[in-house]
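With our numbering, the residue at position 676 of the sequence shown is 963, and numbering never jumps. Below is one structure; the comments refer to it alone.
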Amino acid sequence: MMLMCGRLRRLFRQLTLQTSLLLLFIFCMVSVLISAYFLYGVKRELEPAGVGGVGVPEEGTADWEDPRATPSPPSARVLPARTAKPADMSRTDPVVLVFVESLYSQLGQDIVAILESGRFRYQTEIAPGKGDMPTLTDKNRGRFTLVIYENILKYVNLDAWNRELLDKYCVEYGVGIIGFFKANENSLQSAQLKGFPLFLHSNLGLRDCSVNPKSPLLLITKAREVEHGPLPGDDWTVFQSNHTTYEPVLLARGRSTEASGAPGLLHAAVVQDLGLHDGIQRVLFGNNLNFWLHKLVLVDAVSFLTGKRLSLALERYILVDIDDIFVGKEGTRMKVSDVKALLETQNELRTHVPNFTFNLGFSGKFFHAGTDEEDLGDDLLLSYSKEFWWFPHMWSHMQPHLFHNQSVLAEQMLLNRKFAEISIFMTHLSNYGNDRLGLYTFKNLVKFIQMWTNLKLQTLPPVQLAQRYFQIFPEERDPIWQFDEPHLFHQTSEDTDTFFRSHPTAVWRSFVILGTTALYLFLGMHPDLTSNYPSKETFEEIQFFNGRNYHKGIDWYMEYFPLPSNTSSDFYFEKSANYFDSEVAARRAAALLPKAKIITILINPADRAYSWYQHQRAHDDPVAQKYTFHDVITAGRDMPIKLRVLQSRSLVPGLYATHLQRWLTHYHPSQILVLDGQMLRTEPALVMDKIQKFLGLTNTLNYHKILAFDPKKGFWCQLLDGGKTKCLGKSKGRRYPDMDVDSRIFLREYYHEHNIELSKLLYKMGQPLPSWLREELLHSR
Ligand code: A3P
288 MMLMCGRLRR
298 LFRQLTLQTS
308 LLLLFIFCMV
318 SVLISAYFLY
328 GVKRELEPAG
338 VGGVGVPEEG
348 TADWEDPRAT
358 PSPPSARVLP
368 ARTAKPADMS
378 RTDPVVLVFV
388 ESLYSQLGQD
398 IVAILESGRF
408 RYQTEIAPGK
418 GDMPTLTDKN
428 RGRFTLVIYE
438 NILKYVNLDA
448 WNRELLDKYC
458 VEYGVGIIGF
468 FKANENSLQS
478 AQLKGFPLFL
488 HSNLGLRDCS
498 VNPKSPLLLI
508 TKAREVEHGP
518 LPGDDWTVFQ
528 SNHTTYEPVL
538 LARGRSTEAS
548 GAPGLLHAAV
558 VQDLGLHDGI
568 QRVLFGNNLN
578 FWLHKLVLVD
588 AVSFLTGKRL
598 SLALERYILV
608 DIDDIFVGKE
618 GTRMKVSDVK
628 ALLETQNELR
638 THVPNFTFNL
648 GFSGKFFHAG
658 TDEEDLGDDL
668 LLSYSKEFWW
678 FPHMWSHMQP
688 HLFHNQSVLA
698 EQMLLNRKFA
708 EISIFMTHLS
718 NYGNDRLGLY
728 TFKNLVKFIQ
738 MWTNLKLQTL
748 PPVQLAQRYF
758 QIFPEERDPI
768 WQFDEPHLFH
778 QTSEDTDTFF
788 RSHPTAVWRS
798 FVILGTTALY
808 LFLGMHPDLT
818 SNYPSKETFE
828 EIQFFNGRNY
838 HKGIDWYMEY
848 FPLPSNTSSD
858 FYFEKSANYF
868 DSEVAARRAA
878 ALLPKAKIIT
888 ILINPADRAY
898 SWYQHQRAHD
908 DPVAQKYTFH
918 DVITAGRDMP
928 IKLRVLQSRS
938 LVPGLYATHL
948 QRWLTHYHPS
958 QILVLDGQML
968 RTEPALVMDK
978 IQKFLGLTNT
988 LNYHKILAFD
998 PKKGFWCQLL
1008 DGGKTKCLGK
1018 SKGRRYPDMD
1028 VDSRIFLREY
1038 YHEHNIELSK
1048 LLYKMGQPLP
1058 SWLREELLHS
1068 R
């Protein structure tokens, strides 16, 4: 017994020494491993398979069961860690935030094209490497309803702070994320997506694609039999996981050339994260949008993740115009058999699209202008006239805008009309005669849509179709004037047309000021800057982009500017105070003048509100006469509507961050200059120096010499020859009592959040904060 105890003690002594050494060794190894892990994780975009602790399915086993064959019992998988919050639509704006790799990246443009085709609102941002996440909320309201990453790794590798910010936002507002993983030659063959129980295998070739019929996101996309054949490219990434949160959307088999796994295994090329892992729903694509099915699935993913908020109905209208059928040369026109085929195809299409009817455009003069055989085709078409819809062109196929003489135009139109009464029609015949590519295209298009989508095709005659179109997209009733589309030139008179064709730079070298008359006056003193002619109604302002004048068209706008031949100026400019806070001006201005420079001048929004109120009083506005400024700004919901309108006119334009943000969604920050209105009052020459620099004017004026302070007016004015001054009229720079203290305090509080937002925006734009803004921010501490 004693002997045994002695041995044990010795053993124990030896053991403690060995154990300590062993523990020390293990400790060192663990710390080396931990630091290596973090270093590796930060540096590399992905983790190699096996590091994350979630079991990697064995080599050679399928990633996913074939969902069309076997139902997958949810209990067989890991239990959900959490559930995704359903999107609360009332709490976010219906805008998609798209993080692109660069302004020109192809996938980014493809994503945007899909959003635009659905008329969905979006904001693109270059995916930040570090920091610089756009503001996600606006007064407890989410600014975005969905986030799309062109490169999902930019999301996965966000710095911890921004990642938490974005994830919290997504969870709180029920916002989903869509991401694309595009492998390149540096991508790891197999890796775990950092922080997710999801494995990626990259650079694979795939074939035989199928849609998972159980995928909850399917709307347009129809799950059907396998589409046999290879998928484009051999740089696919597929997703693999044991976690119930992942549901495959698109499945495909590996091609025999692939390195990982035996050929023929089912892989998920698009996977849906149901949000059971971290409360955020995601859809991940293992390639870009070059594969056509990805485009369909993206449309469905947008619809699903936004709770159908950004989604179009399944009904789609199709109308096929066949243009100029008789205008073609002999040998390219429709013969009897082509006309028969046209009618047969129409009948066949009617079995898929109720009442489908070809819409034929015609110019009567060219009827019977083919070979004998083709003229017989014309005759047959004529006998089928009631079977088709028709739309008349000019009799001799000239474009109406080319007619300068109205009576000749009317004569030509009448000729064709006579012809139409006996129902003779024309189409773009070359794809209906000869190769019949038109018929082939539409038959197969309709078949394809029925096979792969749940869309319900319908048709309507042109006018009804136009009405339906505007019912679906009411905002498009409003025209958008542009110069870059050649056919829109036709909407302008010849003068304007020539003006912009011969002087395209005149359009680019324009700028718009969103601010005060004083600036307008000072700019007009520069020989290289040409302002607009004054308007009878609105004086120096044209007020084109913000209001009803916009509907008067481009010609109307351009009449306010001299023709380039009459001026040697480099720049045209106009100023309208209402542009800055207008909901529509930025979009319209950017469509017409995408290269314009924008100058905005901001004073303290509290002073702006007060100035506006005083302006109204001076113009005998009865409401402004009746109520004090304090009454106006503090008016509650139950106050008279007129008072509330004056209140909103006083206060809303001062929400500068919101308005500036709107301009920033249409213009690049480098095109926008934000000036300090306070400085314009006290040191206008300095402000003018900044503007000349911003515009890149080579001929710089020394405003220090041509402006003078007028003590009588109390403002800076233009210095004329002989020492006199030319100041702004009586209505500018009026004298009125200072704002009362209570109103000042109220407004400081009212604008507090917005001023903070404005300072953030200006910081991001790299522009200095106006002095009044710095003061306000100091006060609010
Ligand atoms: P107040 O009249 O409230 O003082 P707008 O042209 O947009 O109506 O702006 C008029 C404001 O421009 C005036 O507001 C005035 O404060 C400001 N301002 C700045 N510089 C000026 C100047 N040199 N002459 C007159 N007003 C000037």
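Heads up, the beta-carbon is just placed ideally off N, CA and C, and yes, glycines get one too.
Any heavy atom of the ligand A3P closer than 6 Å to the beta-carbon of residue i?
i, result
"G1020", "yes"
"S898", "yes"
"F645", "no"
"L967", "yes"
"F996", "no"
"F1002", "yes"
"N905", "Contrary to the premise, residue 905 reads as Ala rather than Asn in this sequence. No, the ligand A3P has no heavy atom inside 6 Å of this Cβ."
"A805", "yes"
"L1015", "yes"
"A864", "yes"
Grab me the residues of residue i's own chain with a C-beta within less than 6 Å of its C-beta, minus the 5 sequence neighbours each way, in chain order.
i, result
"Y847", "N819, Y820 and I829"
"A707", "Confidence in A707 is poor, its pLDDT being 39 and thus under 50, which makes the residue's placement too unreliable to answer from."
"R620", "G657, E661, L716 and G720"
"N836", "Q830"
"V434", "L384 and I464"
"P358", "Residue placement at P358 is poorly supported in this model, since its pLDDT is 41, which falls under 50; the coordinates still yield a value, given next. Excluding residues within five positions, none has a Cβ falling inside 6 Å."
"L810", "L816"
"G1053", "none"
Shortest alpha-carbon distance to residue i belongs to which of the options?
i, options, result
"L630", "Y604, E1063, V607 and L668", "L668"
"H1041", "Y943, H991 and R620", "Y943"
"P1024", "L597, G964, Y900 and T728", "Y900"
"R874", "H955, A896, T915 and P971", "H955"
"Q965", "K929, I920, Q979 and F1002", "F1002"
"L1049", "I841, E1063 and I959", "I959"
"V933", "H953, P909 and T952", "Correcting the residue identity first, residue 933 is Leu in this sequence and not Val. The residue with the shortest Cα to Cα distance from L933 is P909."
"S590", "I507, Y727, K622 and R637", "I507"
"T379", "I1032, S935, L592 and S502", "L592"
"H917", "D894, F675 and L880", "D894"
"F578", "P415, A556 and D868", "A556"
"L576", "P519, P748, H488 and I920", "P519"
"L1034", "D397, H1066, Q1005 and P1057", "H1066"
Skipping 5 residues on each side, what residues in its chain have a beta carbon closer than 8 Å to that of residue i?
i, result
"T746", "Y604, I605, L606, V640, P641, N642, F643, T644 and L752"
"D495", "V513, E514, H515, G516, A539 and R540"
"S392", "E437"
"H991", "A972"
"K509", "V498, M738, W739, T740 and N741"
Evaluate residue i with the Cβ neighbour count: other Cβ atoms within 10 Å of its Cβ, from every protein chain shown; 16 or more gives buried, anything less gives exposed.
i, result
"F526", "buried"
"S389", "exposed"
"C492", "First, the amino acid is wrong: residue 492 is Gly here, not Cys. Buried: at least 16 other Cβ atoms inside 10 Å."
"K469", "buried"
"D1008", "exposed"
"T887", "buried"
"R764", "exposed"
"D722", "exposed"
"Y1075", "Look at the range of the chain in this structure, 288 to 1068, and you will see that residue 1075 is not part of it."
"W523", "buried"
"V584", "buried"
"Q699", "buried"
"Q912", "exposed"
"N692", "exposed"
"P361", "Its pLDDT being 36, under 50, P361 is placed unreliably by the model, and the measurement read from it follows with that caveat. When all chains shown are included, P361 counts as exposed."
"L440", "buried"
Counting only beta-carbon separations shorter than 7 Å, does residue i have a partner in chain B?
i, result
"P1055", "The structure shown has no chain B; it contains just one protein chain."
Which same chain residues end up closer than 7 Å to residue i when comparing Cβ atoms and leaving out the 5 residues on each side of it in sequence?
i, result
"F325", "Because F325 carries a pLDDT of 35, less than 50, the predicted location of this residue cannot be relied on, and no value is offered for it."
"Y807", "I800, S818, E827 and K862"
Mind the definition here: the region 391 to 411 touches the region 455 to 464 only if three or more C-beta pairs lie below 8 Å; say whether that holds.
-> No, because fewer than three Cβ pairs between the region 391 to 411 and the region 455 to 464 fall closer than 8 Å, the two stretches do not touch.
Does the region 923 to 931 touch the region 946 to 955, meaning 3 or more C-beta pairs lie closer than 8 Å?
-> The region 946 to 955 vs the region 923 to 931: no contact.
Segment contact flag, the region 797 to 815 with the region 899 to 914, C-beta cutoff 8 Å, min 3 pairs = The region 797 to 815 vs the region 899 to 914: no contact.
Counting pairs of Cβ atoms below 8 Å between the region 607 to 616 and the region 421 to 428, do you hit three or more?
-> With the cut-off at 8 Å, the region 607 to 616 and the region 421 to 428 do not touch.
Do the region 876 to 892 and the region 800 to 813 meet, that is, are 3 or more Cβ pairs less than 8 Å apart?
-> Contact between the region 876 to 892 and the region 800 to 813 is present, because at least three Cβ pairs lie under 8 Å.
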